[in-house]
Amino acid sequence: MTSILQLVFVPNILKVEQYSEVVAKEDVVYFTLCCTVFFTLLFILNIGLDPMVQAAMARPRVPEERGAGMPRRRRGMASVMANRRAQPEERPEPDQCKDTSNASETKQNMAPTAKIGAKKQRKLEEKQAKKAQREAEMEEREERRKMQELRDQEKKQEEERERQMELKQEEAERRAKEEQERREEEEYQKLKAEFVIEDQGEAEQLTEDQSRNLLQEFIQYIENSKVVLLEDLASHFEMRTQDAIKRVQELLADGLLTGVIDDRGKFISITPDELESVAQFIRQRGRVSISELAQASNRLIRLTPEGTVTV
Numbered sequence: 002m003t004s005i006l007q008l009v010f011v012p013n014i015l016k017v018e019q020y021s022e023v024v025a026k027e028d029v030v031y032f033t034l035c036c037t038v039f040f041t042l043l044f045i046l047n048i049g050l051d052p053m054v055q056a057a058m059a060r061p062r063v064p065e066e067r068g069a070g071m072p073r074r075r076r077g078m079a080s081v082m083a084n085r086r087a088q089p090e091e092r093p094e095p096d097q098c099k100d101t102s103n104a105s106e107t108k109q110n111m112a113p114t115a116k117i118g119a120k121k122q123r124k125l126e127e128k129q130a131k132k133a134q135r136e137a138e139m140e141e142r143e144e145r146r147k148m149q150e151l152r153d154q155e156k157k158q159e160e161e162r163e164r165q166m167e168l169k170q171e172e173a174e175r176r177a178k179e180e181q182e183r184r185e186e187e188e189y190q191k192l193k194a195e196f197v198i199e200d201q202g203e204a205e206q207l208t209e210d211q212s213r214n215l216l217q218e219f220i221q222y223i224e225n226s227k228v229v230l231l232e233d234l235a236s237h238f239e240m241r242t243q244d245a246i247k248r249v250q251e252l253l254a255d256g257l258l259t260g261v262i263d264d265r266g267k268f269i270s271i272t273p274d275e276l277e278s279v280a281q282f283i284r285q286r287g288r289v290s291i292s293e294l295a296q297a298s299n300r301l302i303r304l305t306p307e308g309t310v311t312v
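FYI, in the numbering used here the residues of the sequence shown are 2 to 312.
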């Protein structure tokens, strides 16, 4: 019985084991085929996403004729494209190209500086800084020099103007003094011709010094008297009244005497200081009435002879 069973089932069991091995081999082959298809599709998709590869694939390949002796075109472009696909790069835009070129030029310009050592570069910068400082100091000194020259020139011009003004003032004073001396000389000559002293019935003419002293005495007498009758003045100097009036008018015109002659024949002498006091009063008050001016004149102008005490 056992042998019969072995004869029946053993061959079947062997067939089943062989069939299982065949099925396992087919599964492995099928799995390998699926993986191959998957990676192939993935490779194709990557090629489609690469713009450079698309551009290369879009361009139709033009057959080129190779001349005699020319080298054969390089093969293996697929591997080159695969390497490029592994490291994709974006096509640079025109502005980026310009920036890249400018950056390269800047790097080229900076290359010599970069080659210089840090210590040497620092010394060069210090040297340039010292040079700039020296130039700034020179410009500052030049500016100060110009300003000093300008101030000196203005000072000289001011001194020259002051000197010219002093010369003009001295010239005016000299002319005024000469004019005063000329008028005094004329008055002296007139007075010399008019003053006569009678001695023993004969007229003796005064000497030059006596006449000059007599003129000063005449003026001093009027100023000291302050208010004098012209008749008394003529009698005091032994002159005619008409001659005394004429002499006083000439002295007033020449500026040797200041004052006024009233309608009663009196001469009121007023000094320059008193006139200045009255003028100062008018300037301070502005508009002044006649009564106020009369009151101020009585207060500012002395009408009594010198040495007289007013009660």
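Just so it is clear, CB atoms sit at the ideal spot from N, CA and C, and this is done for glycine as well.
Within a Cβ cutoff of 7 Å, which residues of the same chain sit near E174, ignoring the five residues on either side of it in sequence? The answer is none, since no qualifying residue turns up.
Please report the Cβ distance between F268 and G256, rounded to the nearest whole angstrom; I am assuming they are in contact, meaning their Cβ atoms lie under 8 Å. About 16 Å; that fails the 8 Å criterion.
Any idea which residues DSSP pairs G260 with across the strands? According to DSSP, G260 bridges with S270.
Contact defined as beta carbons within less than 8 Å: I believe G266 pairs with L231. What is the distance between those atoms, to the nearest angstrom? Taking the Cβ atoms as the reference, G266 lies roughly 5 Å from L231, within the contact range of under 8 Å.
Rounded to the nearest angstrom, how far is the Cβ of I223 from that of V229, given a contact under 8 Å? Rounded to the nearest angstrom, the Cβ distance from I223 to V229 is 6 Å, consistent with a contact under 8 Å.
On the three-state DSSP scale, how would you describe I302? In the structure shown, I302 sits in coil (DSSP, three-state: anything other than H, G, I, E or B).
Same chain only: Cβ atoms within 6 Å of F282, ignoring 5 sequence neighbours per side: Within its own chain, the residues whose Cβ lies closer than 6 Å to the Cβ of F282, once the five positions on either side in sequence are excluded, are A297, listed in chain order.
Backbone CA spacing between E159 and E167 [nearest angstrom]: Looking at the two C-alpha atoms, the distance is approximately 12 Å.
Beta-ladder partner(s) of G228, from DSSP: The sequence shown places Val at residue 228, not Gly. DSSP lists I269 as partners of V228.
Whole-angstrom C-beta distance between E251 and E188, which should lie under 8 Å: Rounded, the Cβ-Cβ distance is 7 Å, consistent with contact.
If you drop the 5 nearest sequence neighbours on each side, which residues of the same chain put their C-beta closer than 6 Å to that of E136? The same chain holds no residue with a CB closer than 6 Å to that of E136 once the five nearest residues on each side in sequence are set aside.
Return yes when the Cβ of K227 is within less than 8 Å of the Cβ of S1, no when it is not. A question about residue 1 goes unanswered here, because the residues of the chain that appear run from 2 up to 312.
For E127, name the three-state secondary structure that DSSP assigns. Helix.
Check for me: the alpha helix (DSSP H) holding V249 runs from which residue to which? Run containing V249: 242–255, per the alpha helix (DSSP H) assignment.
Does M240 pass the burial test, meaning 16 or more other C-beta atoms within 10 Å, or should it be called exposed? Label assigned to M240: buried.
Considering only residues of the same chain and omitting the five flanking positions on each side of R162, which have a CB-CB separation below 8 Å? Here R162 has no same chain residue with a Cβ atom under 8 Å from its own Cβ, once five neighbours each way along the sequence are excluded.
Determine the DSSP secondary structure at S290, reduced to helix, strand or coil. DSSP places S290 outside both helix and strand once states are collapsed to three, so it counts as coil.
Report the CB separation of A254 from D244 in whole angstroms; it is logged as a contact under 8 Å. 16 Å between Cβ atoms; not a contact.
Three-state class that DSSP yields for F1 in the structure shown: Lying outside 2 to 312, the shown extent of the chain, residue 1 is not represented and no answer is given.
Between R164 and E171, what straight-line distance do the alpha-carbon atoms span, to the nearest angstrom? Rounded to the nearest angstrom, the two C-alpha atoms are 10 Å apart.
Straight-line CA distance for V29 to C36? Each residue's Cα considered, the two are about 11 Å apart.
When DSSP labels each residue in this structure, what does Q239 get in the three-state scheme? The sequence as given places Glu at residue 239; Gln does not occur at that position. E239 sits in coil when the DSSP states are folded into three classes, being neither helix nor strand.
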